[in-house]
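Just so we're aligned, residue 403 is where the sequence shown starts under the numbering used here, counting upward by one.
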Amino acid sequence: MNIGFIGLGIMGSRMAANLQKAGHTLVVYNRTAQKAEALVAKGATLASTPEEVGKQCRVIFTMLATPEAVEEAALGQHGFLKEMPGNSLWIDSSTVNPSFSVRMAKAAQKMGHRFLDAPVSGSLKPAETGQLVFLVGGAAQDLQEVRPLLDAMGKDVLHIGDHGQGSSMKIVNNMLFGQIMGAFAEALKLGTSLGITEETLCQTLLNGPGGAPFLKLKQEKLLTRDFSPEFPLEWLHKDLHLAGVTAYEQGIALPTLHTVKEVFAMAKQAGLGEQDFSAVYDFINPTK
Numbered sequence: 403m404n405i406g407f408i409g410l411g412i413m414g415s416r417m418a419a420n421l422q423k424a425g426h427t428l429v430v431y432n433r434t435a436q437k438a439e440a441l442v443a444k445g446a447t448l449a450s451t452p453e454e455v456g457k458q459c460r461v462i463f464t465m466l467a468t469p470e471a472v473e474e475a476a477l478g479q480h481g482f483l484k485e486m487p488g489n490s491l492w493i494d495s496s497t498v499n500p501s502f503s504v505r506m507a508k509a510a511q512k513m514g515h516r517f518l519d520a521p522v523s524g525s526l527k528p529a530e531t532g533q534l535v536f537l538v539g540g541a542a543q544d545l546q547e548v549r550p551l552l553d554a555m556g557k558d559v560l561h562i563g564d565h566g567q568g569s570s571m572k573i574v575n576n577m578l579f580g581q582i583m584g585a586f587a588e589a590l591k592l593g594t595s596l597g598i599t600e601e602t603l604c605q606t607l608l609n610g611p612g613g614a615p616f617l618k619l620k621q622e623k624l625l626t627r628d629f630s631p632e633f634p635l636e637w638l639h640k641d642l643h644l645a646g647v648t649a650y651e652q653g654i655a656l657p658t659l660h661t662v663k664e665v666f667a668m669a670k671q672a673g674l675g676e677q678d679f680s681a682v683y684d685f686i687n688p689t690k
């Protein structure tokens, strides 16, 4: 059976490669076709449109940057949903807002297909080594059907609940990442202004009760100021925006979220969008 994979960026290319390593035959599409070359060299079929992927696959993964990109790939002029055989299964691993996932689930169901929102926790290295955690919303039986595929790409699969709940958990998760990273960057700025070295601050704070585990993974980037992207800052800013949209839809106030979102927006405007999201530290506490 052909497995479709649409979106071959930092995450998608590595996820698709792990499916290929597990012995699955892929039909792939990416707006920039060159990003598919490594997969094609190992036997994947490159489609010229998402529509072509739909014609050849009963299971399709999407891993795209924004809700707009997901909707265009699925429902646009050359979208795949209208071409898939009846009762096919679409798994969206993109980070999108929960209400969007619910809307896509309804669109798929209306066209006779099934849908799972299955975003992932993890960045470049976990994607490369098959250590992602899938956060899944949708029917348990649909998840069971594709669990072997998810297991080929990740170390754990968590069924959070109905449609939209996987995306809900991912938005909450990334909101917290952004807030923690912003707070840590400010703590380092204050500490260095008081004459404490970055090395001492990291060693003390990250081994104390306030040291979030993911910050330890970012320590080398902070100390060397090598912000090569594992998870680009511009995409975390997008996720913070989607968290704000979701808060508005829920009628709740999240003032800390909105403050941090604007800090990331300013860092993006300062030219740091394509660097790792830990580069917010370079914006808050630039080298002199």
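Note that beta-carbon positions come from the ideal geometry of N, C-alpha and C, so glycine has one too. As the structure is a computational prediction, the values presented were derived from the model and not from experiment.
Query: Report the residue from E439, I405, M413 and K437 whose alpha carbon sits nearest the alpha carbon of A424.; Result: I405
Query: Here's the rule: buried if 16 or more other CB atoms are within 10 angstroms of the residue's CB, otherwise exposed. What is P559?; Result: With the sequence shown as reference, residue 559 is identified as Val, and Pro is not the correct amino acid for it. With 16 or more Cβ atoms within 10 Å of its Cβ, V559 is classed as buried.
Query: When you compare only the Cα positions, how much space is there between Q621 and T427?; Result: 38 angstroms
Query: For T648, count neighbouring Cβ atoms within 10 angstroms of its own Cβ and tell me buried if that reaches 16, exposed if not.; Result: buried
Query: How would you label N489, buried or exposed, when you count the other beta carbons within 10 angstroms and need 16 or more for buried?; Result: exposed
Query: Do A418 and L448 count as a contact pair if the criterion is CB distance below 8 angstroms?; Result: no
Query: R516 by DSSP, collapsed to three states: which one?; Result: strand
Query: How big is the Cα-Cα spacing for D494 and P550?; Result: 16 angstroms
Query: Should the stretch 531-545 be regarded as contacting the stretch 554-570, the criterion being three or more beta carbon pairs within less than 8 angstroms?; Result: yes
Query: Short of 6 angstroms in beta carbon distance, which residues of its chain neighbour K618, apart from the five on each side in sequence? Order them along the chain.; Result: L608
Query: Could you give the residue range of the alpha helix (DSSP H) that holds N576?; Result: Q567 to S595
Query: Check I598 in the structure and name its three-state DSSP category.; Result: coil
Query: Opposite H561 in the DSSP bridges: which residues?; Result: V538
Query: Can R416 and E530 be called in contact, C-beta distance under 8 angstroms?; Result: yes
Query: Do E636 and K670 come within 8 angstroms of each other at the CB atom, strictly closer than that value?; Result: yes
Query: Could you give the distance in angstroms between the alpha-carbon of V535 and the alpha-carbon of Q479?; Result: 33 angstroms
Query: Quick check on D628: does DSSP put it in helix, strand or coil?; Result: coil
Query: Residues in the same chain with beta-carbon distance under 7 angstroms from M513, minus the five sequence neighbours each way, listed in chain order, please.; Result: L483 and K484
Query: Please determine, among I686, S496 and A589, the residue with the shortest C-alpha to C-alpha distance to I462.; Result: S496
Query: Would you list the one or two residues that DSSP bridges to N609?; Result: Answer by DSSP bridge pairing: none, since N609 is not bridged.
Query: If we ignore side chains and look at the alpha-carbon of each, how far apart do S630 and D678 end up?; Result: 6 angstroms
Query: Contact between the stretch 602-616 and the stretch 586-594: three or more CB pairs below 8 angstroms?; Result: yes
Query: Name the residue from E454, A507, P521 and I654 whose alpha carbon lies nearest to the alpha carbon of E473.; Result: A507
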